[in-house]
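Heads up, the thing below is written out as structure tokens.
Here you go:
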């Protein structure tokens with residue numbers, strides 16, 4: 001960056017210098033290290049006393065810049081900056097100062113953070129101020145970070161702001177009360193009142209009106225205004241706003257509005273106004289096919305967009321097939337005896353050619369359109385493509401080819417998970433068959449793995465479990481050939497849904513162990529991780545499994561040998577594995593690996609300790625204790641208190657609470673036990689506390705207990721009149737001294 005500071009737009013020279021360093025960084029990792037070092041500098045700067053608002057603002061802006069610029073690392077703990085952001089939002093003199101504080105809290109502070117409560121009073125004061133800028137900032141904060149704790153403080157003021165037809169106020173009300181049916185009904189009444197009073201005001205409230213899904217009363221009002229505004233309004237923007245609101249709210253289009261929408265399609269298709277055209281076709285999808293076929297203008301919808309099919313612009317092609325997917329095939333494909341096809345033969349061939357489009361979204365939409373017309377068309381195309389798969393394809397071409405076949409299966413078996421799992425196994429029995437090479441030489445088709453996992457995770461929970469069960473049953477069938485790609489998919493799914501599938505974990509463990517030696521190291525790594533996850537669900541690990549892992553350990557590299565040793569070590573420690581699994585953010589295989597890596601690093605970082613006796617039931621859990629202590633320490637809200645300082649010992653007065661930790665010398669005098677000789681006793685004594693009653697009684701005593709026999713009180717140790725509390729503590733806890 002050769003731009004000087006004065007023309008750079010940077011808010012401070014520190015930000016300008018940071019940008020210069022990042023531009024000259026040799027790699028993304030080096031740039032991230034520069035950012036992390038800068039965050040450490042900012043942390044120290046924010047710890048200074050009497051920090052000005054200007055300096056605080058610059059530091060927060062730098063933190064925002066740093067967090068958005070990181071690419072390979074995380075920013076770490078930003079707790080040190082949250083109090084400063086809250087203070088800036090409260091004490092900022094200008095709207096810009098307050099805006100930076102609010103934005104920092106929106107972007108980086110977790111919604112459940114305890115300091116969010118500190119913003120409640122700030123939000124209330126800003127909403128009640130006379131400054132429009134401060135009101136807007138507070139409303140934006142409520143919209144972005146809704147907090148139920150703020151409702152009692154802002155409810156009254158928010159109701160007043162609703163009458164001003166403010167889009168921010170409406171959105172804030174919706175965000176805070178979207179789970180309250182009564183308040184949502186009240187919001188709907190306000191919107192309808194605004195629309196009846198001023199139909200041209202649909203623009204500011206169209207977004208929030210669209211969030212009131214399937215509202216019949218609002219839908220009727222918008223339909224009537226659509227017809228009225230289309231005939232009388234001189235501003236097309238009003239009509240388009242009503243159209244968008246109906247579409248966003250998924251409200252039905254009434255039969256009286258069909259001619260209006262068809263005419264809009266005819267007008268905007270020539271420009272084309274893609275967004276408006278798409279909204280209009282989506283509205284037509286809410287009309288029953290019978291009602292649309294009865295309209296003599298029903299064919300206009302398709303004839304108005306047929307010119308897009310001859311375009312070379314991918315956006316036009318996608319617009320054509322996406323609009324076509326909104327209509328029932330009986331309207332344009334002639335699938336009923338009483339209907340005729342709208343498209344010509346060459347146009348149908350052009351649609352078929354879209355199945356080979358390089359754009360994935362166009363392909364998937366075309367598959368859906370053709371499958372709705374006739375499933376046989378798509379099945380024929382799939383069969384021909386599968387037969388044409390050549391073993392000589394390069395890895396990238398094969399990856400792309402299989403991904404396209406998976407797109408077809410996803411559409412064909414969208415509602416039948418068992419059939420979907422069967423089709424997957426049939427596909428990979430061909431793709432990874434014997435004619436394609438030995439099992440250990442076959443590569444993993446990573447694009448296929450991604451498509452399958454995403455496709456399964458998009459389904460409902462019960463469907464996902466059924467699909468995983470249907471795929472994992474292949475592990476229990478010794479004669480079934482499971483290729484590396486399908487094995488990676490099964491490993492990931494079994495690890496994620498372990499304990500939910502109806503197949504025995506021990507049988508799946510055996511099935512993976514018997515196939516372990518036939519795969520490449522990358523597949524073996526995934527299998528070992530899944531086997532380790534499955535071992536938690538098994539009471540005993542079969543000898544067949546451990547023997548297979550030992551054999552693999554003898555003939556593999558150092559990395560997999562460590563993985564095998566980890567399996568042999570942890571597979572019998574169910575408590576440790578259960579603790580590791582509980583620490584994973586989710587049940588997915590990568591998160592399990594992350595938790596496992598964290599366990600190993602904590603175990604390696606544990607310092608040597610002196611032997612101690614622990615119960616056998618807790619021994620395996622204590623191996624995990626170092627990270628637990630660290631996690632607990634991080635949750636401290638303030639700095640821990642410093643250790644108590646030992647004070648010079650005074651001679652003891654006798655007390656009913658005299659500890660047994662003192663011994664009598666032969667001459668009858670009393671001495672305390674040596675603290676250096678018994679450190680554990682000292683720690684136990686330090687942990688004792690004084691009750692408020694004991695402390696009060698001791699401090700209020702005017703006469704103390706008589707001295708023990710043979711005990712001489714040093715005149716220096718007279719009870720101090722100005723510090724009776726300290727003296728009382730010495731009486732009640734003599735063992736501490």
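In the UniProt record's numbering, the protein residues as written are 1 to 737.
Each residue gets a CB set at the ideal place from its N, CA and C atoms; glycine is no exception.
Residues near residue i by beta carbon distance below 6 Å, same chain, minus five either side
| i | result |
| --- | --- |
| residue 436 | 391 |
| residue 585 | 591 |
| residue 611 | Residue confidence for residue 611 is low, a pLDDT of 39 falling below 50, so the modelled location carries little weight; the figure read from the coordinates is stated next. Closer than 6 Å at Cβ, skipping near neighbours: no residue. |
| residue 577 | 536 and 570 |
| residue 470 | 418 and 421 |
| residue 265 | 280, 301 and 304 |
| residue 56 | 84 and 88 |
From the options, residue whose alpha carbon lies closest to that of residue i
| i | options | result |
| --- | --- | --- |
| residue 341 | 268, 133, 306 and 252 | 306 |
| residue 59 | 534, 94 and 10 | 10 |
| residue 358 | 381, 332 and 403 | 403 |
| residue 256 | 444, 554, 284 and 268 | 284 |
| residue 460 | 441, 415, 470 and 483 | 415 |
| residue 149 | 176, 139, 160 and 479 | 176 |
| residue 351 | 334, 338, 310 and 46 | 310 |
| residue 458 | 540, 410 and 153 | 410 |
| residue 92 | 164, 53 and 46 | 53 |
| residue 466 | 490, 3, 116 and 480 | 490 |
| residue 572 | 48, 538 and 583 | 538 |
| residue 555 | 516, 42 and 596 | 516 |
| residue 219 | 128, 65, 250 and 165 | 250 |
| residue 17 | 28, 27 and 5 | 5 |
Whole-Å CB distance - residue i paired with residue j, under 8 Å assumed
| i | j | result |
| --- | --- | --- |
| residue 456 | residue 464 | 6 Å |
| residue 533 | residue 498 | 6 Å |
| residue 472 | residue 501 | 6 Å |
| residue 506 | residue 478 | In fact, because the Cβ distance is near 15 Å, the residues do not count as touching under 8 Å. |
| residue 167 | residue 208 | 7 Å |
| residue 484 | residue 442 | 5 Å |
Contact with chain C by residue i, beta-carbon distance below 9 Å
| i | result |
| --- | --- |
| residue 28 | Absence of chain C from the displayed structure is noted, only one protein chain being present. |
Buried versus exposed call for residue i [16 or more other C-beta atoms within 10 Å across all chains shown]
| i | result |
| --- | --- |
| residue 607 | Only weak support exists for where residue 607 lies, its pLDDT of 49 falling under 50; the value from the coordinates is given anyway. The residue is exposed, with fewer than 16 neighbouring Cβ atoms inside 10 Å. |
| residue 495 | buried |
| residue 363 | buried |
| residue 104 | buried |
| residue 261 | buried |
| residue 96 | exposed |
| residue 346 | exposed |
| residue 86 | buried |
| residue 132 | exposed |
| residue 126 | buried |
| residue 222 | buried |
| residue 14 | buried |
| residue 210 | buried |
Residue i and residue j closer than 9 Å at C-beta
| i | j | result |
| --- | --- | --- |
| residue 242 | residue 206 | yes |
| residue 39 | residue 83 | no |
| residue 72 | residue 107 | no |
| residue 510 | residue 476 | yes |
| residue 486 | residue 425 | yes |
| residue 560 | residue 521 | yes |
| residue 468 | residue 493 | yes |
| residue 195 | residue 202 | yes |
| residue 549 | residue 529 | no |
| residue 69 | residue 35 | yes |
| residue 430 | residue 370 | no |
| residue 169 | residue 139 | yes |
| residue 327 | residue 348 | no |
| residue 386 | residue 427 | yes |
| residue 407 | residue 360 | yes |
| residue 552 | residue 600 | no |
| residue 90 | residue 121 | yes |
| residue 192 | residue 224 | no |
| residue 111 | residue 146 | yes |
Same chain, Cβ closer than 7 Å to residue i, neighbours up to 5 away in sequence not counted
| i | result |
| --- | --- |
| residue 173 | 158, 162 and 187 |
| residue 287 | 253 and 258 |
| residue 680 | With a pLDDT of only 39 at residue 680, under 50, the local geometry of the prediction cannot be trusted, and the value read off the model is given with reservation. Excluding sequence neighbours, residue 680 sits near nothing in its chain. |
| residue 7 | none |
Contacting residues, own chain, Cβ-Cβ under 8 Å from residue i (five flanking each side not counted)
| i | result |
| --- | --- |
| residue 379 | 412 |
| residue 319 | 272, 274, 277, 278, 305 and 308 |
| residue 314 | 357, 359 and 362 |
Heavy atom of the ligand ADP within 8 Å of residue i beta-carbon
| i | result |
| --- | --- |
| residue 112 | No copy of the ligand ADP appears in this structure; indeed no ligand is present at all. |
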